[in-house]
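Chains as they are written, first to last, in our numbering: chain A, 18 to 232; chain B, 18 to 232; chain C, 18 to 232; chain D, 18 to 232.
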DNA sequence: CATGAATGAGCTTTCATTCAT
DNA sequence: AATGAATGAAAGCTCATTCAT
């Protein structure tokens, strides 16, 4: 593969070097996994020597944490940017989902770091990702709640149910992201549409008071 | 923690020891992850020496694979046993979901091995889990399709859409399992109910021809 | 390959069992080398369980020593049997060489144990083989000396020269044995003839007082 | 024993360290054998840590191969340097033998690696040594052939016989090397002289058409 | 007589991490 | 600002050897 950017040995401002290292780390962590990725490989891919990586990023754990933070922030930012707040709740949800599918498709290594790697390695990392996911779930919960409120069709859903729905929706989106990007060949908008059809309709039914019960 | 079962050093028939080892391995792999789990720790937890683990299970990879197989088979069996085929499709789906939530709640380490650990480690393992998940998705796809057929309300869904819905549903269930077991304190039947309300209603709406579109 | 002889588990007199074990050990040591040969493999090839090997032969070292002793004795016996003492010295030498080539060709594993394996592993073994080789060198020295005496052509060779010649002759025979058995396809008698042509003639010249000198 | 050279822990250029490691490895492999030599011991003798040995020489196998190559090349070079091509064939042979005895006496561990250790361990190593030995046999064959040709005394020897003689001669030299260096206290020139007396005279007789035959 | 069950000890190898320059 | 040189610590795996039956 060779260095991501910049000629080896060139003096470069710290910020640039750091970005190169993070790029290399995300790629390596995403593809190899946390434990299998070696600092050696990351340094090589970044085009610098190992001690420099340590000088800038302290340790493998810190480096991994920095990757999680950067990729997590980028994902949340992308979703938030997609779901413009002036839109109606359903449009926001759709746009947020589309942004989510688009971003994960365009940053597969970053998504792998967040979704596959970070969650399988001890507390420091899992917690960070869990926090970010909680943020998204809260955001979705808000949208669903707002929608329910807008369509004031009487039946209020209690908070726990709302969160449960949001959890389900986020999980469905994660699952679809994997399916769409790896297996099937589905565009982000198609995926968002499929999910909205499914979820928004169900939500509508719920709010009309319809329920499924095992009788 | 101490040994899972049996006094250390006691002579035991091979089958028993093997079960103890698998128990210890599932617990360790589930909590530490594949790479961080050491054979030493697994052996200790099983109350045996390392060489015995190798004698019976060959290698760390083989041991991990055996865990995946055992836990995967158990999960699939639990779901299949829950969803009795003589029931209507919706009841089957509900019962399958309830069984899924129950089983994952009762075997958190096994579920962690399957859902978090196995998918992050190279082809041999990821493939095995992917195959099992595909089996469940196919099962769910069948149920949804059958339901759609039973309620012959005209609008047929094409195959790809059906699979997409099943993917979303399975993802939602996985997400809810984590939420219900770790964060909230929700019973399996509650979780299954929440998901059915959401999904079955949405499905019903879809089959009546209702669609959401960004217009 | 399967057990050398006898059905597994059958009760057999100790001597027979021991022979089977030694057969298996010679084969395994000869082909794998001392360190790479595992007691497991030897026991399996002998068709018995490991503890029985230990019961009869104490340890890997003892087992190896027993192999060396048995194969060494067999080789020396074969050579001595070939060189019948009533013959003239040259005929004895020729017959001894032929017997040596024949025996090594027919017992390649035993020869490998003696010639390749035993000499590369610490004192206990190397010494044993060295002793046997010294015996053969002494025997050859005697034959050469006798021949020199018989052909009383004046020039006596001093003892050290005699031993040196015997050393050279034995080394030449060892080398030819490898060459004849592994590389070329030469019969034992041909090999013995080649060596006699070379050595006996040289010896004859020496005894006529001819010498080579760098001048 | 202590480190071969250089104070422990000192920073040194790679080439120097590598030489130290090879020195230590040759010594250890020569004395202990391939399997019994531990990387730990080699590293200690070289005055470095184990990881450094792996960093520079990759693996135990590679290290052993490097030893074989270095010692083998040195031996062949010494013999070739001894046998100056402008000399007559007999003088060349004598000088080559003397160089051989000298070199093996001065590098006993290297000689042990080549003659005892390398030949007992699997294909990669045995083949390398076999190739080198074949080179020497070919060289000797050439010398004998040239000598036979120079002393055009009618009787030509066929190719196979020549090679057989060379094999015998090389084997005799190997045997004498062990005898001279370990047991007796014989100088290289004495050993070369003994062997020449024996071999060259025998060769001369052969070329005069004399043969030994059993009758 | 014979063995299934079990282990202590040691080996090669890898890797995050740090000096000294 | 940057690196070549070096290591401590740990992990996977193997094997000769021994009990308990």
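The beta carbon of each residue, even a glycine, is placed where N, CA and C say it ideally should be.
- Counting C-beta atoms within 10 angstroms of its own C-beta, residue 157 of chain A has 16 or more neighbours from the protein chains shown and is therefore classed as buried.
- In the structure shown, residue 183 of chain D adopts helical secondary structure according to DSSP, grouped into three states.
- Residue 109 of chain D and residue 98 of chain D do not touch by the CB rule: their CB atoms are close to 12 Å apart, not below 8 Å.
- Boundaries of the alpha helix (DSSP H) around residue 42 of chain C: 31-49.
- Between the alpha carbons of residue 185 of chain C and residue 189 of chain D lies a gap of roughly 4 Å.
- When 8 Å is used as the limit between beta carbons, residue 56 of chain D is near no residue of chain C, the shortest such separation being about 15 Å.
- Taken atom to atom, the span from the alpha-carbon of residue 81 of chain D to that of residue 42 of chain D is near 8 Å.
- Rounded to whole angstroms, the gap between the alpha carbons of residue 68 of chain C and residue 124 of chain C is 28 Å.
- Chain B has a Cβ within less than 8 Å of the Cβ of residue 213 of chain A.
- Along the region 120-145 of chain C, the positions whose C-beta sits under 7 Å from a C-beta of chain D are 133, 134, 136, 137 and 138, read in chain order.
- Residue 109 of chain B does not reach chain A, its nearest Cβ partner there being about 11 Å away, counting only Cβ pairs nearer than 8 Å.
- Residue contact check for residue 68 of chain D against chain C: no CB pair falls below 8 Å.
- By the neighbour-count criterion, in which 16 or more other beta carbons inside 10 Å mark a residue as buried, residue 120 of chain B falls on the buried side.
- Residues of chain A whose Cβ lies closer than 7 Å to the Cβ of residue 187 of chain B are, in chain order, 192.
- Around residue 231 of chain D, the beta-carbon contacts reaching into chain C at under 7 Å are 108 and 111.
- Spatial neighbours of residue 129 of chain D in its own chain (CB-CB distance under 6 Å, excluding positions within 5 residues in sequence) are listed in chain order as 47.
- In the displayed model, residue 125 of chain A falls within a helix according to three-state DSSP.
- The alpha helix (DSSP H) runs of length 4 or more contained entirely in the region 139-219 of chain D are, from start to end of the chain, 140-167 and 176-195.
- The beta carbon of residue 142 of chain B lies closer than 7 Å to those of 81, 82, 85 and 135 in the same chain, with the five residues before and after it left out.
- Among the CB atoms of chain B, none fall inside 8 Å of the CB of residue 202 of chain A.
- Per DSSP, residue 133 of chain A is not a residue of any alpha helix (DSSP H), being assigned neither H nor E.
- Interface residue (Cβ-Cβ distance to chain B less than 8 Å): residue 218 of chain A is classified as such.
- Interface annotation, residue 228 of chain C: in contact with chain D, CB-CB separation under 8 Å.
- Residue burial is scored here from C-beta neighbours: residue 187 of chain A has at least 16 other C-beta atoms within 10 angstroms and is therefore classed as buried.
- Contact of residue 89 of chain C with chain D is not assigned, every C-beta pair being separated by 8 Å or more.
- Excluding the 5 residues flanking it on each side, residue 209 of chain C has same chain C-beta neighbours closer than 7 Å at 111, 114, 115 and 118, in chain order.
- Beyond the five residues adjoining it in sequence on each side, residue 74 of chain B comes within less than 7 Å, by CB distance, of 38, 80 and 83 in the same chain, given in chain order.
- Taking a beta-carbon distance threshold of 8 Å, residue 162 of chain B does not count as an interface residue toward chain A.
- Residues of the region 32-61 of chain B that bring their beta carbon within less than 9 Å of a beta carbon in chain A comprise 49, 50, 51, 52 and 53, in sequence order.
- The Cβ neighbour count for residue 165 of chain C, taken over all protein chains shown within 10 Å, is at least 16; the residue is labelled buried.
- Against chain B, a Cβ distance below 7 Å from residue 178 of chain A picks out 211.
- Per the coordinates, the alpha-carbon of residue 192 of chain C lies some 24 Å from the alpha-carbon of residue 87 of chain D.
- The C-beta of residue 80 of chain D comes no closer than 8 Å to any C-beta of chain C.
- Going by beta carbons, residue 180 of chain A and residue 154 of chain A fall inside the 8 Å limit.
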